[in-house]
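Trainee: Going by this note's numbering, the sequence shown wraps up at 110, each residue one higher than the last.
Beta carbons: idealized from backbone N, C-alpha and C, even for Gly.
If you're wondering where the values come from, they're calculated on a predicted model, not measured in any experiment.
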Amino acid sequence: MNKQHDYYQARAALQREMAAELTGSAREQHLTLAAMYEALATEPKRGAVAELPAKVAEPEVAEDERAYLQRRAREERARAADSDDPGVRRIRFEMADEYLRRADALKRG
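1) Could you tell me the distance, in whole angstroms, from the CA atom of Arg-73 to the CA atom of Arg-102?
2) Distance, Cα to Cα, Ala-51 vs Gly-110?
3) DSSP three-state label for Glu-66, please.
4) With H, G and I counted as helix, E and B as strand and the rest as coil, what does DSSP make of Ser-26?
5) For Ala-81, collect the residues of the same chain with a Cβ closer than 6 Å to its Cβ; drop the 5 residues on either side in sequence, then sort them by chain order.
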């Protein structure tokens with residue numbers, strides 16, 4: 002694919018390998034990081050939206066994805082609030098911030 006995709010895929014794989022050797026909250030933290038990297042690896046290319054055949058469909062697609070990202074951010078914040086582990090809370094809040102950053106980028110883009 003591209004270098005950024007490969008980079009994030011490699012980081013996700015490394016986090017999963019590290020998680021396999023751990024237990025408890027440390028394992029959960031590494032799996033959470035792996036999921037974050039995986040999400041970053043699947044982020045659509047900047048030019049992909051311009052390839053849509055109809056301009057009318059573009060706002061609907063962007064709005065649906067934005068709503069999805071905002072929902073995921075709310076879910077991550079709720080999971081962070083439920084966690085007793087400060088490390089897990091920090092990671093989950095960072096994930097929520099990343100989802101909101103992407104939603105804002107769609108809004109501006």
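Mentor: Short version:
1) Numbered from 1 along the sequence shown, position 72 holds the residue referred to as residue 73. Numbered from 1 along the sequence shown, position 101 holds the residue referred to as residue 102. Roughly 12 Å between the two C-alpha positions.
2) For the purposes of this step, residue 51 is taken as the residue at position 50 of the sequence shown. For the purposes of this step, residue 110 is taken as the residue at position 109 of the sequence shown. Below a pLDDT of 50, predicted positions are generally treated as unreliable, and Ala-51, at 49, falls in that range; the measurement from the model is reported next regardless. Between Ala-51 and Gly-110, the C-alpha separation is close to 10 Å.
3) Here residue 66 is taken as the residue at index 65 of the sequence shown, counted from 1. Looking at Glu-66 - three-state DSSP - the assignment turns out to be helix.
4) Residue 26 sits at position 25 when you count from the first residue of the sequence shown. Of the three classes helix, strand and coil, the one that applies to Ser-26 here is helix, per DSSP.
5) The sequence position of residue 81 within the sequence shown is 80, counting from 1. Excluding residues within five positions, the ones whose Cβ falls inside 6 Å are Arg-90, Arg-93, Phe-94.
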